[in-house]
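Asks:
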Amino acid sequence: MTACDHAGATYRASPNFGPRRDSKTPDMILLHYTGMSSGDAALGRLCDLSAEVSSHYLVFEDGRIMQLVAEQQRAWHAGASSWKGESDINSLSIGIEIVNPGHEIGIVDYPAEQIAAVIALCGDIVQRHCVPAERILAHSDVAPGRKLDPGEHFPWDELHRNGVGHWIEPSSIRGGRFFSVGDCGEPIEALQSMLALYGYGIEIDGVFDEKMRAVIEAFQRHFRQERVDGVADQSTIETLHRLLSAQSSL
Ligand SMILES: [Zn+2]
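Numbers 1212 to 1461, taken from this note's numbering, label the letters of the sequence shown in order.
1) Decide if the stretch 1436-1454 is in contact with the stretch 1384-1398; the criterion is three or more beta carbon pairs, one per stretch, under 8 Å apart.
2) Could you spell out where the beta strand (DSSP E) holding leucine 1260 opens and where it closes?
3) Would you say the beta carbon of histidine 1243 comes nearer than 8 Å to a heavy atom of ligand 1?
4) Taking Cβ positions, are alanine 1425 and proline 1355 nearer each other than 9 Å?
5) Tell me where the beta strand (DSSP E) around histidine 1243 begins and ends.
6) Decide if valine 1270 is buried, meaning its Cβ has at least 16 other Cβ atoms within 10 Å, or exposed.
7) Taking only three categories from DSSP, how would you classify tryptophan 1378?
8) Which partner residues does valine 1270 have in the DSSP bridge list?
9) Between which two residues does the alpha helix (DSSP H) holding threonine 1447 run?
10) Which class does alanine 1218 belong to by DSSP, given the choice of helix, strand or coil?
11) For proline 1230, report the span of its beta strand (DSSP E) as first-last.
12) Where do the N-terminal and C-terminal ends of the beta strand (DSSP E) with isoleucine 1347 fall, by residue?
13) Could you check if lysine 1422 belongs to the surroundings of ligand 1, using beta carbon to heavy atom distance under 8 Å?
14) Could you tell me the boundaries of the beta strand (DSSP E) in which leucine 1286 lies?
15) Among the candidates Met1277, Gly1250, Asn1301 and Asp1216, whose CA atom is the shortest distance from the CA of asparagine 1230?
16) Taking only three categories from DSSP, how would you classify cysteine 1395?
17) Would you report the Cα separation of cysteine 1341 and glycine 1306, rounded to the nearest angstrom?
18) For aspartate 1416, collect the residues of the same chain with a Cβ closer than 8 Å to its Cβ; drop the 5 residues on either side in sequence, then sort them by chain order.
19) Rounded to a whole number of angstroms, what is the C-alpha to C-alpha distance between histidine 1243 and aspartate 1352?
20) Between glutamine 1278 and histidine 1217, how many whole angstroms is the CB-CB distance? I'm expecting something under 8 Å.
21) State the DSSP-derived secondary structure class of valine 1418, mapped to helix, strand or coil.
22) Going by beta carbon distance, what residues of the same chain come within less than 7 Å of lysine 1235, once the five residues before and after it are set aside?
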């Protein structure tokens, strides 16, 4: 029986892992939803050699936590990703899969027991690995346009109230100037610079293209959940600005 890194977990070994590269140690937590019909189906896939995917933890709807890969190892959950210029997110992060059918099958609200377990697990990992609040991220943050999880119903505000993650009350939605696909120029360049400064993988070329739209959507999905439309409205830009000002590690 392997000992769990997190006291509240039970162990079920996945064969899908390798060593962290370049002697990297984790300083990021990446949150996912499983996007499958049930927790057991997800567990089966995360432990299936031929699936070549895994995560360090799996959190069930009732709050049960299963550890699948030791924290010191590199689990395979991020795929092609980028944050703050780093692309080997698997080597830098601890991956947590949260059981939820997801957008494709039909996203459901995360039960309170499950969120309480995620908060306890993240709090413990943050303590043991000194993970900065702004490095507790959504899969969609590091892979915009490719991934949507854990989705716009995930309660990042509640995590933050419990001391987990970086979040501020979003600015209210109202009229005014906004930017969307097709716009270009200095304001777009400035906005791209702000997104890149926060960590998003985005080219700074002054052109609001489909890739930028995906990044704006990812930002909204995490920080301005009321409207996720890929349009950089006043509320989105202000919220980003205030997040940057409130960042601890810049
Ligand atoms: Zn994911």
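Glycine included, each C-beta is placed from N, C-alpha and C at the ideal position.
Replies: This is what the structure holds:
1) yes
2) Looking up residue 1260 in the sequence shown gives position 49. Here leucine 1260 belongs to no beta strand (DSSP E), and DSSP marks it neither H nor E.
3) For the purposes of this step, residue 1243 is taken as residue 32 along the sequence shown, with counting starting at 1. Result yes, Cβ under 8 Å from ligand 1.
4) Your numbering for residue 1425 matches position 214 in the sequence shown. Your numbering for residue 1355 matches position 144 in the sequence shown. A contact, by the Cβ cut-off of 9 Å.
5) Here the question's residue 1243 lines up with position 32 in the sequence shown. Looking at the DSSP string, the run of the beta strand (DSSP E) that includes histidine 1243 is 1239-1244.
6) Translated into positions along the sequence shown, residue 1270 becomes position 59. By the 10 Å Cβ count, valine 1270 comes out buried.
7) Position 167 of the sequence shown, counting from 1, holds the residue named residue 1378. If DSSP states are grouped into helix, strand and coil, tryptophan 1378 belongs with coil.
8) On the sequence shown, position 59 is the one that residue 1270 refers to. DSSP, once it has assigned bridges, lists Ile1276 and Ile1309 as partnering valine 1270.
9) Here residue 1447 corresponds to residue number 236 of the sequence shown, with the count starting at 1. Note, threonine 1447: alpha helix (DSSP H), 1445-1456.
10) If you number the sequence shown from 1, residue 1218 lands on position 7. Residue state, collapsed to three classes: coil.
11) For the purposes of this step, residue 1230 is identified with residue 19 of the sequence shown, where counting begins at 1. Proline 1230 -> beta strand (DSSP E) spans 1228-1230.
12) Counted from its first residue, the sequence shown places residue 1347 at position 136. Where isoleucine 1347 is concerned, the enclosing beta strand (DSSP E) stretches over 1347-1349.
13) Within the sequence shown, the letter at position 211 stands for residue 1422. Result no, Cβ not under 8 Å from ligand 1.
14) Along the sequence shown, one-based indexing puts residue 1286 at 75. Residue 1286 is actually alanine in this sequence, not leucine. From DSSP, the beta strand (DSSP E) with alanine 1286 extends over 1284-1286.
15) As a working mapping, residue 1230 is identified with position 19 in the sequence shown. The amino acid occupying residue 1230 in the given sequence is proline; asparagine does not appear at that position. Comparing Cα-Cα distances from proline 1230 to each of Met1277, Gly1250, Asn1301 and Asp1216, the minimum goes to Asn1301.
16) The count along the sequence shown starts at 1 and reaches residue 1395 at position 184. Three-state DSSP puts cysteine 1395 in a strand.
17) Translated into positions along the sequence shown, residue 1341 becomes position 130. Translated into positions along the sequence shown, residue 1306 becomes position 95. Going by the C-alpha atoms only, they are around 15 Å apart.
18) As a position in the sequence shown, residue 1416 is number 205, starting the count at 1. Result list for aspartate 1416: Glu1400 and Gln1403, in chain order.
19) One-based indexing of the sequence shown puts residue 1243 at position 32. One-based indexing of the sequence shown puts residue 1352 at position 141. Rounded to the nearest angstrom, the two C-alpha atoms are 11 Å apart.
20) For the purposes of this step, residue 1278 is identified with residue 67 of the sequence shown, where counting begins at 1. For the purposes of this step, residue 1217 is identified with residue 6 of the sequence shown, where counting begins at 1. Their Cβ separation, rounded to whole angstroms, is 6 Å, which keeps glutamine 1278 and histidine 1217 in contact under 8 Å.
21) The count along the sequence shown starts at 1 and reaches residue 1418 at position 207. Reduced to three states, the DSSP call for valine 1418 is strand.
22) For this step, residue 1235 is matched to residue 24 along the sequence shown. Counting only Cβ-Cβ distances below 7 Å, and skipping sequence neighbours, we find Ser1302 and Leu1303.
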